[in-house]
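Engineer:
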Amino acid sequence: MQGVCFASWASRIPTFKASMGLNDAELGSILFALPAGQIITMFFSAKLTTHFGSKKMLRATAPLYAIALTFLALASTGWQLAAFLVLFGITGNLCNIALNTQGVAGENYYGKPIMSSFHGAWSIGNLTGALIALGLVNLKLGMYTHFWIIALISLTNVVFSSKKLLNYNKPDAIVEKTKFFTMPQGILVLLGVIAFCSMATEGTMFDWSAIYFEDVVKLPHNKAIIGYASFMFMMASGRFLGVYLIGKFGRKNLLQISGAIISIGMALAVIFPNLIVAIFGFMLIGLGVSSIVPMVYSIAGNNKKVPAGKAITMVSSIGYFAFLFGPPLIGYVSQLSSLRYSFGIISVFGLLITFLITKIKAIN
């Protein structure tokens, strides 16, 4: 559900850009609003999830996220779109923290490292949302109708699936009263920086891939979503393969390999921006980022010193700053130089992931 909603927004970014007459820098400034909303919730999302439980939080925030999507279609100016994106970000991240805490509960319930599969379900939703958008754009259906169709499907899904959510309180975690907000320390900081690098890449692909295929690869507006869809296809596939790959290579080796794949894929798409090579490059990027954040959240959530919801929030607090600064930076650099050059800068993050993993010892 969350993946379908997010993809519905992301796939329509070129439409917002064209209808509002925005240049890359102006679009980048507006894109700052969604992660700003996500960052706002970092100061209280863990407290709410710990107090009410992830099950109740998810039941409350998932419907709000679907409804917030429909507000985006009401925007007729950049300021209105930015305001609605803040709301979309707030509801989305409250839902996200509850979802990932449920993922940790699932890992403990089954006794297997299956967080990647849960994130794979999000990616399948994202791919589904992108394909639905591709069809509706070619049918020339308006955004308001498009977003309400997605919202109604999502609300129906919440009604039928929420009964299967798990009640989860980590038995070996610290349960005494804690501060309203606690700065992450030690391994959680490094995990947060790794998440930052991966999320910066993801954010770039979410917000700019369709525009890259339209402006650089030169696809027609109604076909440009293919770039986003190819990225999401491999991201989803990689996440469902995550359990097998972790068992074969181990988390540490897989994280290092993933960082290298990101850099290779981005370099191919930038150096050879024709349709076939760009699609292949975007698919490699999707494969590279697919398991990084799920593995990082799983490692953080299963530590022995901090409750799962709080540990995930600490790591994601750092990671989400990538969504705050990454996509807007792409817009500003693109306005000063070119979109290809700004995408090239992002390839450095893959190499940084590969390097940082060597600094963490307690990963198997």
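Sequential numbering from 1 applies to the sequence shown in the UniProt record's numbering.
No residue lacks a Cβ here, since even glycine has one placed at the ideal position from N, Cα and C.
Between which two residues does the alpha helix (DSSP H) holding N96 run?
Structural biologist: From DSSP, the alpha helix (DSSP H) with N96 extends over 78 to 110.
Engineer: Just list the alpha helix (DSSP H) runs in the region 38 to 73, keeping only unbroken ones of 4 residues or longer that don't cross its boundaries, in chain order.
Structural biologist: DSSP runs (the alpha helix (DSSP H)) wholly in the region 38 to 73: 45 to 52, 54 to 72.
Engineer: Could you give the first and the last residue of the continuous alpha helix (DSSP H) run that contains L31?
Structural biologist: That run of the alpha helix (DSSP H) goes 24 to 31.
Engineer: Can you have a look at I226 and say buried or exposed, based on whether 16 or more other CB atoms are within 10 angstroms of its CB?
Structural biologist: Burial call: buried.
Engineer: Which same chain residues end up closer than 6 Å to N100 when comparing Cβ atoms and leaving out the 5 residues on each side of it in sequence?
Structural biologist: Excluding residues within five positions, the ones whose Cβ falls inside 6 Å are Y297, I312.
Engineer: Could you compute how far the alpha carbon of N126 sits from the alpha carbon of M232?
Structural biologist: Their Cα atoms are separated by approximately 7 Å.
Engineer: Quick one: using the 10 Å Cβ neighbour count with 16 as the cut-off for buried, is A18 buried or exposed?
Structural biologist: Exposed is the call here.
Engineer: CA-CA distance, S316 and M283?
Structural biologist: Straight-line Cα distance between these residues: approximately 24 Å.
Engineer: Could you give the residue range of the alpha helix (DSSP H) that holds P294?
Structural biologist: Element bounds for P294: 292 to 301.
Engineer: Let me check understanding here. Comparing Cα to Cα, which of A260, S258, R340 lies closest to V214?
Structural biologist: The displayed chain sequence assigns Glu, not Val, to residue 214. E214 has its Cα closest to that of R340, out of A260, S258, R340.
Engineer: What would DSSP say about T204, mapped onto helix, strand or coil?
Structural biologist: T204: helix per DSSP, three-state reduction.
Engineer: Comparing the C-beta of A121 with each C-beta of chain D, is any distance below 8 Å?
Structural biologist: Protein chain content of the structure displayed is limited to a single chain, and chain D is not contained in it.
Engineer: Whose C-beta lies closer than 6 Å to the C-beta of I124 among residues of the same chain, with five residues either side of it excluded?
Structural biologist: Closer than 6 Å at Cβ, skipping near neighbours: A236.
Engineer: Which of the three DSSP states, helix, strand or coil, is assigned to M20?
Structural biologist: Coil, per DSSP.
Engineer: Are the CB atoms of G3 and W122 within a distance shorter than 8 Å?
Structural biologist: In this structure, G3 lies closer than 8 Å to W122 by Cβ.
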